[in-house]
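This report refers to the structure that appears directly beneath it.
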Amino acid sequence: MERPLLVYTTFPDAATALSIGEALVRARLVACVNVLPDMQSVYSWKGTVERATEVVAILKSREGLAEALGVALKERHPYETPIILHLPVAGADPDTAAWIREETSDRT
Numbered sequence: 001m002e003r004p005l006l007v008y009t010t011f012p013d014a015a016t017a018l019s020i021g022e023a024l025v026r027a028r029l030v031a032c033v034n035v036l037p038d039m040q041s042v043y044s045w046k047g048t049v050e051r052a053t054e055v056v057a058i059l060k061s062r063e064g065l066a067e068a069l070g071v072a073l074k075e076r077h078p079y080e081t082p083i084i085l086h087l088p089v090a091g092a093d094p095d096t097a098a099w100i101r102e103e104t105s106d107r108t
């Protein structure tokens, strides 16, 4: 059985994260997006140490959609190089896994 997949990414603001998240849900690439606002980031970018306020987004999908989800996320993302980290799920409640499969499957 195909396992769930969590994808970690960041956005410049909640409005952008929610808009892109909704598009990914409507495209059935993710079942849900959790947006966590007001994260403080310190990072290196093109040789300079930067600070920014960002939001974290955790996307709930499944392993078989990892590539398509990455492509769709990059197409919509405002960052030049968005952070897209796949967090493998070692286990999941069967009802949660079934919900993710149902919400990310074709409805034909």
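Okay, so the sequence shown: first residue is 1 according to the UniProt record's numbering, each after it adds one. In this text, a Cβ means the ideal position worked out from N, Cα and C, and glycines have one as well. Being a predicted model, the structure only gives us computed values, none of them experimental.
- Here the alpha carbons of ARG76 and ILE20 stand approximately 7 Å from one another.
- SER44 sits exposed, since fewer than 16 C-beta atoms from the chains shown fall within 10 Å of its C-beta.
- The alpha carbon of ARG51 has as its nearest neighbour, out of MET39, LEU59, LYS60, the alpha carbon of MET39.
- For SER19, no beta strand (DSSP E) encloses it; the enclosing alpha helix (DSSP H) starts and ends at 14-26.
- Among the bridge pairs identified by DSSP, ALA57 is matched with THR9, VAL35.
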